[in-house]
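Structure first, commentary second.
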């Protein structure tokens with residue numbers, strides 16, 4: 007039912023004036039947010055683009071025009087490419103793996119298992135733990151020699167690994183920790199979506215002899231696809247947090263095997279105080295994330311199935 | 190499974206299936222819990238036990254003395270106070286800004302609405318991790334580095350919170366608001382008396398997510414603080430880790446427990462609310 011027009015009892019004010027008043031009120035309500043949005047989200051981005059064409063040093067008021075020099079430097083910077091590669095490797099493997107784990111957990115818990123609340127909390131609690139605490143505990147878990155993970159490997163008769171001290175294993179080690187930390191969050195979001203899937207759909211499929219794998223792939227996944235899509239985006243945004251883990255666990259090492267773009271920006275801007283070049287790297291990080299999200303919107307986003315459609 | 194047909198031979202296969210699931214899920218849950226169990230156990234061990242491969246999984250005797258010992262090495266009370274002040278200030282400011290903005294987007298018409306809403310939404314993609322560098326420069330110019338406000342101001346506007354609340358405002362029946370308007374309530378009075386009471390669950394959900402995020406935040410406070418007077422709990426823990434660097438895990442794990450427990454205790458008490466808040470960030 008459409009809302010009745012609000013004005014019949016009010017004294018006759020011209021509709022144009024009413025509209026203007028409403029617009030003024032709206033801008034006044036948006037003002038507090040807009041001030042901070044402008045000052046701490048959009049101004050920094052514009053400024054970062056401006057800085058990237060200049061030679062800017064932290065705390066030095068003098069700025070020199072460089073043109074594209076920072077960008078050409080980027081092309082020749084092997085460490086930049088390594089950090090970009092590490093970032094891509096981390097995001098592209100961690101996000102889907104965490105989501106698959108989350109989906110399987112959610113499907114298992116959706117079947118009204120007894121002790122469901124306990125399971126749910128057991129998988130979710132890592133989200134509550136500060137990244138610095140999580141990172142530290144995992145440094146301990148991965149410790150060579152006395153760390154429990156290595157002890158477990160020995161007990162199973164497998165060779166011990168140096169994990170965070172081995173340039174081949176350091177990044178995968180951080181990825182495993184991230185999956186532990188975020189799967190529970192994604193699981194909760196997917197659980198909420200699964201609750202909306204009508205149960206008789208599964209029942210019909212089961213009676214028709216459709217096996218569990220096909221039920222998952224052909225019924226569950228399409229029906230929760232809008233949520234899956236949303237979780238992918240959230241996952242990509244959360245993957246920025248790898249800065250905390252790298253800072254706490256490895257400081258980018260060994261041999262820059264865990265140096266990622268956020269950390270490289272930090273190194274360049276704060277340790278070498280080269281704000282101009284650091285801004286250039288920051289801009290490529292933004293392009294990378296926006297590009298990834300755009301790509302996902304064009305591929306996955308197109309295939310999302312909304313319930314009730316066709 | 191809801192909607193079971195009465196013909197299905199439910200009890201037996203369901204019990205079998207549940208048994209199977211427990212067999213898989215229980216060890217998995219234990220695996221997930223193991224880092225936390227490890228923190229607790231280590232925080233109660235002696236230093237030598239940690240490095241002794243012959244020592245058992247459990248500590249010989251529970252050394253609760255590790256906790257008071259940890260509290261004396263760093264000003265944890267100051268860190269705690271700062272964490273409370275920063276998290277509280279962020280939440281209070283956010284609740285004001287998102288309420289006002291969400292109302293404008295949900296119930297008012299004005300030129301440029303779509304564009305402005307787009308700007309709010311786009312902010313979600315630019316968390317502080319992506320734009321910390323120039324924000325740091327700005328705060329330095331404002332002379333705010335190493336102060337509590339430095340940890341608050343970048344987070345006062347929340348595109349995400351505005352979006353969440355706008356969705357809830359739009360579900361409030363228009364008739365209710367119109368009735369209030371006819372009774373002579375202005376927009377602000379309607380917002381306060383009609384809208385806000387009805388969207389309380391959304392406000393609580395947003396509050397929980399905001400508190401968890403900023404209570405645990407590490408990168409930004411790390412960059413903008415350089416003295417104990419303004420440091421928050423996660424930063425204090427990071428410093429302790431640096432000082433101990435693998436030498437004293439018992440103290441470090443006791444410190445971790447101290448930093449982790451406030452939220453975990455709240456989580457255990459208000460489990461339903463926490464779960465619901467995070468659960469419904471994805472739907473609607």
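Protein chains in written order, with our numbering: chain P, 7 to 316; chain R, 190 to 473.
Beta carbons are placed, not taken as given, at the ideal position from N, Cα and C, and that holds for glycine.
Remember, it's a predicted structure, so these values are computed and weren't measured experimentally.
- The alpha carbon of residue 316 (chain R) has as its nearest neighbour, out of R:292, R:288, R:442 and R:345, the alpha carbon of R:345.
- In the structure shown, residue 409 (chain R) adopts helical secondary structure according to DSSP, grouped into three states.
- Per the C-alpha coordinates, the member of R:424, R:462 and R:289 positioned closest to residue 31 (chain P) is R:289.
- Proximity of the region 37 to 57 of chain P to the region 273 to 293 of chain P meets the contact definition, three or more beta-carbon pairs being nearer than 8 Å.
- When secondary structure is reduced to three states using DSSP, residue 35 (chain P) falls in the helix class.
- Residue 439 (chain R) does not reach chain P, its nearest Cβ partner there being about 11 Å away, counting only Cβ pairs nearer than 8 Å.
- With contacts defined as CB atoms closer than 7 Å, residue 237 (chain P) and residue 195 (chain P) qualify as a contacting pair.
- In the three-state reduction of the DSSP assignment, residue 70 (chain P) falls in the strand class.
- As the crow flies, the alpha-carbon of residue 121 (chain P) is around 9 Å from that of residue 211 (chain R).
- Going by DSSP, residue 62 (chain P) is part of the beta strand (DSSP E) stretching over 60 to 62.
- Residue 281 (chain P) and residue 268 (chain P) do not touch by the CB rule: their CB atoms are close to 15 Å apart, not below 8 Å.
- The continuous alpha helix (DSSP H) containing residue 268 (chain P) extends over residues 267 to 272.
- Here the region 327 to 335 of chain R makes no contact with the region 253 to 268 of chain R; the two share fewer than three CB pairs at distances below 8 Å.
- Looking at P:102, P:48, P:83 and P:77, the one whose alpha-carbon comes closest to that of residue 241 (chain P) is P:102.
- If you draw a straight line from the Cα of residue 74 (chain P) to the Cα of residue 59 (chain P), it comes to about 6 Å.
- The Cβ-Cβ distance between residue 129 (chain P) and residue 181 (chain P) does not fall below 7 Å.
- Not a single CB atom of chain P sits nearer than 7 Å to the CB of residue 388 (chain R).
- Per DSSP, residue 190 (chain P) is one residue of the alpha helix (DSSP H) stretching across 176 to 200.
- For residue 251 (chain P), the uninterrupted alpha helix (DSSP H) segment begins and ends at 248 to 251.
- If you check the CB distance, residue 266 (chain P) and residue 141 (chain P) do not come in under 7 Å.
- Counted as a single uninterrupted DSSP element, the alpha helix (DSSP H) harbouring residue 137 (chain P) occupies residues 137 to 147.
- For residue 168 (chain P), there is no enclosing alpha helix (DSSP H), since its DSSP letter is neither H nor E.
- Taking 4 residues as the minimum length, the alpha helix (DSSP H) runs contained wholly in the region 255 to 334 of chain R are 255 to 262, 265 to 296, 302 to 311 and 317 to 330, in order along the chain.
- Listed along chain P is no residue with a C-beta nearer than 9 Å to that of residue 278 (chain R); the closest approach is about 13 Å.
- Secondary structure note for residue 351 (chain R): its alpha helix (DSSP H) is the uninterrupted segment 348 to 360.
- Any Cβ of chain R closer than 7 Å to the Cβ of residue 79 (chain P) would place that residue at the interface, and such an atom is absent.
- Residue 96 (chain P): member of the alpha helix (DSSP H) spanning 84 to 116, first to last residue.
- Between residue 46 (chain P) and residue 400 (chain R) a beta carbon distance of about 20 Å is seen, past the 8 Å cut, so the two are scored as non-contacting.
- Where residue 449 (chain R) is concerned, the enclosing alpha helix (DSSP H) starts and stops at 438 to 458.
- Restricting attention to P:33, P:258 and P:156, the CA atom closest to the CA of residue 177 (chain P) is found in P:258.
- Neighbours of residue 33 (chain P) in chain R, taken as residues at a C-beta separation under 7 Å, are given in chain order as 299.
- Put simply, the CB of residue 29 (chain P) is near chain R, with a gap under 7 Å to one of its CB atoms.
- Unbroken alpha helix (DSSP H) stretches of 4 residues or longer found wholly inside the region 217 to 249 of chain R: 236 to 240, given in chain order.
- Nearest in C-alpha terms to residue 406 (chain R), of all of R:392, R:418, R:425 and R:465, is R:425.
- By the criterion of a C-beta distance shorter than 7 Å, residue 107 (chain P) is surrounded in its chain by 185 and 189, once the five residues flanking it on both sides are discounted.
- Using a CB distance below 8 Å, the part of the region 161 to 186 of chain P facing chain R consists of 186, ordered along the chain.
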